[in-house]
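Visitor: Before I ask anything, let me first share the structure, which is written out below as structure tokens.
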Amino acid sequence: MKINFYPLDFDYQVKDGQTYVYLFGRTEQGERLCVVQAYKPYFYVQINDIDKEELTKKLSKLLIENKLEPAKVTSWEEVEKELLGKIQKLLKIYVNYPKAVPLISRELSSWGIECYEKDILFVHRYLRDQKILPMTLVQVEGELQKEGGLRVPLFIATKIEQVSHESIPKLKMLGIDIETYAKDKIIDLEKNPILMLAFYGVDEKGEEFRKVITWKRFTHKLDYLEVVSDEAELINRFKQVIIDYQPDILTGYFSDGFDLPYIKHRADKYHIELDIGLDYSSLQTGGKADFKEGEASITGILHLDVCKFIRYIFGKNLKTDSYTLDAVAEELIGHKKHVVNLDNLAHVWDDGLKELNDYCEYNLHDAHLVLQLCQKLLYDMIEFTKIVGLPTYDVIRMRFSRLVENYILKRAIEYNVLAPNKPVHEEVDQRMEETFQGAFVYEPIPGLYKDIIVFDFRSLYPSIITAHNIGPESFHCDCCKNVKEARVPTQDEYWFCNKEKKFIPTVLEQLISIRADLKKQIKEAKARKENTTILEARSWGIKTLANSFYGYLGFFGARWYCIECARSTTAYARNYILTTISKAEEVGFKVIYSDTDSLFVLLGEQGMEKALKFQKEINSHLPGQMELELESYYPRGIFVAAKGASDKGAKKRYALISKEGKLKITGFEMVRRNSSLIAKEVQEQVLRMVLEDKTKEAFDYAQKMIVELKAGKISLDKLIIKTQITKELKEYSSIAPHVAIAWQMIKKGERIAPGSVVQYVICKGSGLVRDRAKLPTEVKDYDAEYYLNNQVLPAISSIFAVLGYSEEELTKRSSQIGLGKFF
DNA sequence: ATCGAGTATAA
DNA sequence: GTTGCTACTCGAT
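What follows is the structure, encoded as structure tokens:
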């Protein structure tokens with residue numbers, strides 16, 4: 000019997016001495032199914048200089064006692080694989096169950112034998128070896144079982160084959176959110192019950208499902224509200240709704256760290272078994288609901304904590320710097336905040352007030368937001384799944400380094416490459432000591448410039464890695480020691496193989512080519528007015544992955560760590576940009592700025608043709624996938640001086656205006672979080688006017704704003720300064736204003752953990768700035784002097800300095816008018 | 001005046 | 001994931 004099937008969630012189990020992989024998902028016809036296939040766990044040992052006969056004799060006798068079943072070696076075979084460019088003789092050792100791998104390999108290591116790939120997760124190994132991509136269509140051959148002991152039919156497969164790379168078209172998704180009792184903001188999962196729990200679902204047909212469960216009787220007209228007798232009943236209903244609704248995906252926002260662990264903890268209290276897994280297993284939670292890293296999983300139901308994916312991967316795409324549900328939902332789906340004061344929930348609950356209606360609505364709204372966010376990001380999550388070839392559950396919980404590593408691990412099978420081991424503790428410490436030089440940044444001359452052309456190298460680091468064959472396998476190869484072209488500029492002792500393209504640069508090169516092809520496809524599809532969401536998600540995923548290779552090579556925890564590779568990549572980059580600067584100057588361009596991969600030149604008297612000719616000339620000499628692009632033309636741009644050195648330009652701080660009048664602001668307060676809105680606003684306006692060649696207007700505007708500021712007319716929200724708390728409060732050696740505010744908030748019962756962003760306003764008074772920092776809710780008089788001297792003036796004086804105005808001139812009128820008005 | 005700690009952003 | 005001879009502010013000396 001053959002069935003076409005989309006695998007979504009994975010698990011494994013050991014039965015009667017055999018290990019079975021469980022693939023939960025849907026058939027092409029949309030029926031839920033669990034496909035089971037036997038697979039054997041294994042790892043490798045290196046036997047280059049080891050007597051095979053003697054070793055295998057010992058292996059066959061090896062038995063390590065373990066709780067349920069002793070670990071033992073079941074069979075072995077001799078194989079050859081490439082480790083960092085060198086062929087190795089290996090023994091592939093099969094063991095009786097997955098957890099026997101670490102037990103046996105530890106024993107073998109103690110014999111002095113080198114073990115490899117002993118920490119690869121069994122399900123990951125299976126998926127990579129079988130070349131199965133989760134979320135895409137596979138064909139399974141085998142038999143449907145009458146009694147499987149699962150909540151879904153069981154199919155025992157003898158063969159599995161990928162049939163299409165198209166991902167599953169429709170999924171049934173359920174968003175959840177809970178509200179808990181929290182008086183004085185104290186979150187205590189032992190004492191405080193769950194008050195309400197909201198579901199927002201959508202099925203394959205697009206039909207919606209809404210439900211809020213609570214256990215307080217009060218007057219309401221909410222058709223989705225279900226009132227039960229107590230918290231235990233609420234938890235029972237939670238369980239039943241999930242069992243009945245049968246979602247493919249359960250989603251929440253921070254549900255790994257809060258909602259699901261909280262539910263689990265409360266269920267344990269009432270001795271309720273949350274056996275909602277499709278194999279009747281319980282909801283699994285790691286860590287406690289105390290805002291530390293944990294994971295929550297349900298066998299057979301794909302649990303996606305959208306917050307993790309956003310924090311680790313997707314957040315870099317967003318403008319928002321706060322990853323609260325409200326901020327992220329507003330940016331991604333345009334939803335405004337639902338206004339209720341959660342601090343009052345405990346009080347309203349105790350008194351059984353009718354305001355509970357608002358909280359139920361709020362609860363449902365959040366579940367809806369979570370669902371919409373998950374739907375919005377689903378394509379990106381699925382495309383990452385397909386690129387990396389691992390379960391979506393794992394992929395969305397990975398950071399860049401693990402995404403890269405797992406992608407490389409997948410490709411390693413095709414190239415018969417053996418994975419190097421992860422560094423052990425001492426090795427990590429040693430690696431963390433090693434540093435290397437980064438990019439080149441040109442020191443600009445402060446000034447207002449006209450007609451600027453910006454060139455940049457497209458994907459500079461990835462293209463250097465591929466063009467120069469940079470990777471641990473090709474580093475210091477035996478064949479190119481005397482090949483001049485293989486040497487790295489400014490790193491005399493380094494060379495990379497010039498004869499054969501090696502593993503890491505090869506897979507990266509393919510990634511870049513695939514992306515180039517995708518971009519072409521997107522362009523064509525757009526011309527045909529087709530939807531390009533999936534193609535764009537794939538393109539973004541590949542780009543993100545490719546850009547992370549350089550960082551990965553220099554990351555201390557990497558299997559394929561190669562600091563020489565990272566160092567060589569930046570050395571080549573500096574060499575290319577410096578050469579390009581010289582060539583630009585040779586052909587008569589005035590270079591005004593450059594940072595890492597970009598080149599700013601003045602167009603001058605020469606026409607655009609000359610710029611294009613220069614670009615073509617450079618490109619004709621670039622190797623491989625390297626390419627210099629003409630990014631854009633800007634009619635005007637401004638570079639300001641570094642503080643305290645009027646002739647030296649500040650690096651990484653400039654502003655440009657496009658032909659269409661769009662501002663491109665880099666590095667200024669304007670784009671920084673820890674600067675007040677008033678400073679940002681004034682700076683943006685001033686930059687705009689200056690770049691629009693309206694200097695006088697800019698000056699008058701700035702003077703006017705200074706007068707308003709001094710007169711106390713600026714509204715509170717524009718004065719708020721936001722700063723992130725990055726470590727435990729007690730660990731701060733100096734108490735800056737943001738730390739002082741954090742302590743104030745703690746006293747009021749707020750939770751401040753590393754990562755929290757605090758807000759404050761500097762008020763009038765005497766003493767240190769930190770003693771005058773107040774919470775926005777407690778501000779009476781803001782300190783106009785502080786905002787003038789520490790926020791607004793620093794933001795604009797460097798700009799006016801370029802135009803020849805001094806700070807005194809800016810504040811002159813304000814002191815006259817300001818005083819006159821006041822007294 | 002000068003320096004270290006802390007924060008944030010560019011690429 | 002990386003480095004930047006970044007760039008700024010605050011607080012301490």
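Numbering (numbering that gives the first Met the number 0), first residue to last: 0 to 822.
C-beta atoms are modelled at their ideal positions from N, C-alpha and C, and glycine is treated no differently.
As the structure is a prediction and not an experimental result, all values here were calculated from the model.
1. What does a CB cutoff of less than 7 Å around Asn415 pick up in its chain, not counting 5 residues either side in sequence?
2. Would you report the Cα separation of Ile795 and Gln682, rounded to the nearest angstrom?
3. Among all the DSSP beta bridges, which residues are the ones paired with Lys80?
4. Of the choices Gln723, Gln429, Phe23 and Val44, whose alpha-carbon is the least far from that of His302?
5. Could you give the first and the last residue of the continuous beta strand (DSSP E) run that contains Phe4?
6. Note the first and the last residue of the continuous beta strand (DSSP E) segment covering Thr665.
7. Work out the CA separation of Ile463 and Gly16 for me, nearest whole Å.
8. Kindly list the residues whose CB is nearer than 8 Å to the CB of Leu787, restricted to its own chain and excluding five residues on each side of it in sequence; keep chain order.
9. Could you pull out every residue in the same chain whose Cβ sits closer than 8 Å to the Cβ of Glu404, ignoring the five residues on either side in sequence?
10. Under the rule that 16 or more other beta-carbon atoms within 10 Å means buried, what is Asp455, buried or exposed?
11. For my contact list, Met195 and Asn362 are in at a C-beta cut-off of 8 Å; report their separation, rounded to the angstrom.
12. Mind checking whether the beta-carbon of Gln436 lies closer than 7 Å to any heavy atom of the ligand MN?
13. Can you give the Cα-Cα distance for Val590 and Asp596, rounded to whole angstroms?
14. Just reading off the beta strand (DSSP E) that Asp176 is part of, what are its end residues?
15. If distances are taken between C-alpha atoms only, which option among Phe555, Ser280 and Lys263 comes closest to Glu426?
16. Under the three-state reduction of DSSP, which class applies to Trp559: helix, strand or coil?
17. Which residues mark the beginning and the end of the beta strand (DSSP E) in which Gly200 is found?
18. Relative to the C-alpha of Ile444, which residue among Val801, Val35 and Thr434 is closest?
19. What residue range does the beta strand (DSSP E) around Leu136 cover?
20. Considering Arg769, what are the terminal residues of the alpha helix (DSSP H) in which it resides?
21. Give the DSSP-derived three-state secondary structure of Gln520 in the structure shown.
22. Where does Thr18 land, buried or exposed, given buried means 16+ other C-beta within 10 angstroms?
23. Cβ of Ser254 within 8 Å of Cβ of Ile175?
24. Whole angstroms are fine: how far does the CA of Gly293 sit from the CA of Lys726?
25. Report the rounded CA-to-CA distance for Gln374 versus Tyr244, giving the unit in angstroms.
26. Looking only at its chain, what residues have a beta carbon closer than 8 Å to the beta carbon of Ile719, apart from the 5 residues adjacent to it on each side?
27. Quick test of the definition: if touching needs 3 or more C-beta pairs under 8 Å, does the segment 726-737 touch the segment 763-783?
28. Figure out for me which residue from Glu626, Pro461, Asp450 and Asn468 has the closest Cα to the Cα of Glu691.
29. Quick one: Cα of Ala438 to Cα of Leu577, how far?
30. Run the CB neighbour count on Ala526, radius 10 Å, all protein chains shown included, and call it buried at 16 or more, exposed below.
31. The beta strand (DSSP E) with Lys182 in it runs from where to where?
32. Leaving aside the five residues before and after Val685 along the sequence, list all residues of the same chain whose C-beta is less than 6 Å from its C-beta, in chain order.
33. How long is the line joining the alpha carbons of Phe290 and Gly299, rounded to whole angstroms?
34. Contact between the segment 27-35 and the segment 50-63 is defined here as three or more beta-carbon pairs at a separation below 8 Å; is this criterion met?
35. In whole angstroms, what is the alpha-carbon distance linking Gly276 and Trp539?
36. Note the first and the last residue of the continuous beta strand (DSSP E) segment covering Arg635.
Guide: Looking at the coordinates:
1. Take Asn415, set aside five residues on each side of it, and the residues of its chain with a beta-carbon closer than 7 Å to its own are Lys80 and Glu81, in chain order.
2. Going by the C-alpha atoms only, they are around 6 Å apart.
3. Gln87, per the DSSP bridge assignment.
4. Of the residues Gln723, Gln429, Phe23 and Val44, the one whose Cα lies closest to the Cα of His302 is Phe23.
5. In the DSSP assignment, Phe4 falls within the unbroken beta strand (DSSP E) covering Lys1 to Lys14.
6. Element bounds for Thr665: Leu662 to Thr665.
7. Rounded to whole angstroms, Gly16 to Ile463 spans 50 Å at the Cα level.
8. Exclusion of the five residues before and after Leu787 leaves Ile705, Leu708, Lys709 and Thr810 as the residues of its chain whose Cβ lies within less than 8 Å of its Cβ.
9. Within the same chain, Glu404 has close Cβ partners Tyr551, Ala557, Arg558 and Trp559.
10. Buried, because 16 or more other Cβ atoms sit within 10 Å of the Cβ of Asp455.
11. That belief holds up - the Cβ atoms of Met195 and Asn362 are roughly 5 Å apart, short of 8 Å.
12. By its list of ligands, the structure shown contains no ligand whatsoever, and the ligand MN lies outside what it can speak to.
13. Counting only the Cα atoms, Asp596 lies some 14 Å from Val590.
14. Counting along the chain, the unbroken beta strand (DSSP E) around Asp176 starts and ends at Met172 to Thr179.
15. Ranking the options by Cα distance to Glu426, first place goes to Phe555.
16. Coil at Trp559, not helix or strand.
17. That run of the beta strand (DSSP E) goes Ile193 to Val201.
18. Nearest of Val801, Val35 and Thr434 to Ile444, Cα basis: Val801.
19. First-last of the beta strand (DSSP E) with Leu136: Thr135 to Leu143.
20. Val768 to Arg771 is the extent of the alpha helix (DSSP H) around Arg769.
21. In the three-state scheme derived from DSSP, where H, G and I count as helix and E and B as strand, Gln520 is classed as helix.
22. Buried.
23. Contact: yes.
24. Those two C-alpha atoms are separated by around 19 Å.
25. Using only the alpha carbons, I get a separation of about 18 Å.
26. Cβ contact annotation for Ile719 (same chain, cutoff 8 Å, sequence separation greater than five): Ser675, Leu676, Gln758, Tyr759, Val760 and Pro775, in chain order.
27. A contact exists between the segment 726-737 and the segment 763-783.
28. From the listed residues Glu626, Pro461, Asp450 and Asn468, the smallest Cα separation to Glu691 is found for Asp450.
29. C-alpha separation (whole angstroms): 11 Å.
30. Exposed is the call here.
31. Bounds of any beta strand (DSSP E) do not take in Lys182, whose DSSP letter is neither H nor E.
32. Answer for Val685: Ala697, Ala701, Ile795 and Ile798, listed in chain order.
33. Only weak support exists for where Phe290 lies, its pLDDT of 45 falling under 50; the value from the coordinates is given anyway. Computed Cα separation, rounded: 25 Å.
34. At 8 Å Cβ cutoff, the stretches do not touch.
35. If I take the Cα positions, the gap works out to 33 Å.
36. First-last of the beta strand (DSSP E) with Arg635: Leu627 to Ala641.
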